[in-house]
Amino acid sequence: MNNQQFARRQPNFIGEEHIRKYAVLVPIIKTEKRLCILFERRANHLRIGPLEISFPGGKLEKNETIQACAIRETMEELNIHQNQVEIIGPGDVFFSPFSLIIYPYLGVINDYKDTFSEDEVENIIKIPLKFFMNHSPDHFRSELINHPPKDFPYEWIPYGRDYPWSKGSYDLYFYHYQETIIWGITAHIVKSMVSLIQDYQLFKTDLIRN
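Reminder that position 3 of the sequence shown reads as 3 in UniProt numbering, one-by-one numbering, no gaps.
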């Protein structure tokens, strides 16, 4: 190792080993009448997030690309073939304050027959893309407060127990469509991806016909 090698290195994130990395697909499907975003309601027996509404996706496996992970998980959860998935491109990355990073991809699922794996999915939900373009989500902000452990060595820091800890915040978004509520991380990704679809004028011809 030398100075030149160090100058060329790509920075990593400090604490990256504690961050969980996931990839998801934001699937667009074409029905007879309109373009829809396809959501999943997670199976009731799952340990994490049962009955929550989400996108197909999962944790990155070792040496797996982000796009490959999004496609693999979509195939498994929706019981579809790889040639049905048409990737449009990457969305913006979601950084969670809870040691979580999610990499969304936008894609079209062709010839979709409403299939899904009952091991992972309770049911599917189709919501018109135009709904999200025409409706802003309700917005709330949650405060994040530092709670040190009981054995924290306050005597090692200035002001001890009166130390002025910084506070953070976390945006919470809610979309209401008929009886369905899209919220949490899923709503964050929807809001971001719909904005990108509008900025890049994607699906413009199909949307005009709807």
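Even glycine gets a Cβ: it sits at the ideal position worked out from N, Cα and C. Since the structure is predicted, the reported quantities are computational estimates derived from the model, not experimental observations.
Inset, instruction - Return the chain-ordered list of same chain residues with a C-beta closer than 7 Å to the C-beta of aspartate 114, the five sequence neighbours on each side being excluded. - result: Within the sequence shown, numbered from 1, the residue matching residue 114 stands at position 114. Taken in chain order, the residues that qualify are Ile124.
Inset, instruction - Check histidine 139 in the structure and name its three-state DSSP category. - result: Along the sequence shown, read from residue 1 onward, the residue named residue 139 stands at position 139. If DSSP states are grouped into helix, strand and coil, histidine 139 belongs with the strands.
Legend entry - Boundaries of the alpha helix (DSSP H) in which asparagine 3 is found, first to last residue: Taking the sequence shown and counting its residues from 1, one reaches residue 3 at position 3. Start and end: 3–8.
Inset, instruction - Select from Gly91, Glu40 and Phe98 the residue whose C-alpha is nearest the C-alpha of glutamate 73. - result: Taking the sequence shown and counting its residues from 1, the one referred to as residue 73 is at position 73. Of the candidates Gly91, Glu40 and Phe98, the one whose C-alpha sits nearest the C-alpha of glutamate 73 is Glu40.
Legend entry - Presumed contact (8 Å Cβ cut-off) between valine 108 and isoleucine 127, rounded CB distance: Reading the sequence shown from its first residue, position 108 is the one you call residue 108. Reading the sequence shown from its first residue, position 127 is the one you call residue 127. Not really, about 16 Å apart at Cβ, beyond 8 Å.
Inset, instruction - Below 7 Å CB to CB, which residues in the same chain sit around glutamate 86 once its five sequence neighbours on both sides are set aside? - result: The residue labelled residue 86 in the question sits at position 86 within the sequence shown. Gly107, Val108 and Asn110, listed in sequence order.
Legend entry - Neighbour-count burial assignment, valine 26, 16 or more Cβ in a 10 Å radius: Start at 1 with the first residue of the sequence shown, and residue 26 comes out as number 26. Answer is buried; the Cβ neighbour count reaches 16.
Legend entry - Beta-carbon separation (whole angstroms), alanine 23 vs alanine 70, contact threshold 8 Å: Walking along the sequence shown from the start, residue 23 turns up at place 23. Walking along the sequence shown from the start, residue 70 turns up at place 70. 4 Å between Cβ atoms; contact.
Legend entry - Proximity to residue 211 [Cα-Cα], best of Ile157, Pro148 and Ser169: A question about residue 211 goes unanswered here, because the residues of the chain that appear run from 1 up to 210.
Inset, instruction - Check whether the Cβ atoms of phenylalanine 94 and isoleucine 19 lie closer than 8 Å to each other. - result: Stepping through the sequence shown from its first residue, residue 94 is reached at position 94. Stepping through the sequence shown from its first residue, residue 19 is reached at position 19. Cβ atoms of phenylalanine 94 and isoleucine 19: not closer than 8 Å.
Inset, instruction - Could you pull out every residue in the same chain whose Cβ sits closer than 7 Å to the Cβ of phenylalanine 131, ignoring the five residues on either side in sequence? - result: Position 131 of the sequence shown, counted from the first residue, corresponds to residue 131. Taken in chain order, the residues that qualify are Tyr177.
Inset, instruction - Over the uninterrupted beta strand (DSSP E) stretch that includes lysine 59, give me the two end residues. - result: As a first step, residue 59 is located in the sequence shown; it is residue number 59 there, counting from the start. Run containing lysine 59: 57–59, per the beta strand (DSSP E) assignment.
Legend entry - Distance between glutamate 61 and lysine 33 (C-alpha atoms, nearest Å): Residue numbering aside, residue 33 sits at position 33 when the sequence shown is read from its first letter. Residue numbering aside, residue 61 sits at position 61 when the sequence shown is read from its first letter. Using only the alpha carbons, I get a separation of about 38 Å.
Legend entry - Per-residue burial, glutamate 77 [other beta carbons within 10 Å of its own, 16 or more giving buried]: For this step, residue 77 is matched to residue 77 along the sequence shown. Buried is the call here.
Inset, instruction - State the CB to CB distance for the pair isoleucine 185 and isoleucine 66, rounded to an integer number of angstroms; the pair is presumed to be in contact (CB under 8 Å). - result: Taking the first residue of the sequence shown as position 1, residue 185 is located at position 185. Taking the first residue of the sequence shown as position 1, residue 66 is located at position 66. That pair is no contact at about 16 Å.
Inset, instruction - State the Cα-Cα distance for the pair glutamine 84 and histidine 45, rounded to the nearest angstrom. - result: As a working note, residue 84 is residue 84 in the sequence shown. As a working note, residue 45 is residue 45 in the sequence shown. Using only the alpha carbons, I get a separation of about 28 Å.
Legend entry - Contacts around phenylalanine 203, its chain only, beta-carbon distance under 8 Å, and the 5 residues preceding and following it disregarded: Taking the sequence shown and counting its residues from 1, one reaches residue 203 at position 203. Correct list, in chain order: Ile28, Leu35, Leu129 and Ile197.
Legend entry - Nearest-angstrom Cα separation, counted from tryptophan 165 out to isoleucine 37: Against the sequence shown, residue 37 aligns to sequence position 37. Against the sequence shown, residue 165 aligns to sequence position 165. Rounded to the nearest angstrom, the two C-alpha atoms are 41 Å apart.
Inset, instruction - State yes or no: is the C-beta of asparagine 146 within less than 8 Å of the C-beta of serine 117? - result: Counting from one through the sequence shown, the residue named residue 146 turns up at place 146. Counting from one through the sequence shown, the residue named residue 117 turns up at place 117. No, the Cβ-Cβ distance between asparagine 146 and serine 117 is not below 8 Å.
Inset, instruction - Find out if the Cβ-Cβ distance for the pair histidine 135, tyrosine 173 is shorter than 8 Å. - result: If you number the sequence shown from 1, residue 135 lands on position 135. If you number the sequence shown from 1, residue 173 lands on position 173. No. Outside cutoff.
Inset, instruction - With DSSP as the reference, please indicate the residues paired to glycine 107 in a beta bridge. - result: Position 107 of the sequence shown, counted from the first residue, corresponds to residue 107. DSSP, once it has assigned bridges, lists Pro27 and Ile87 as partnering glycine 107.
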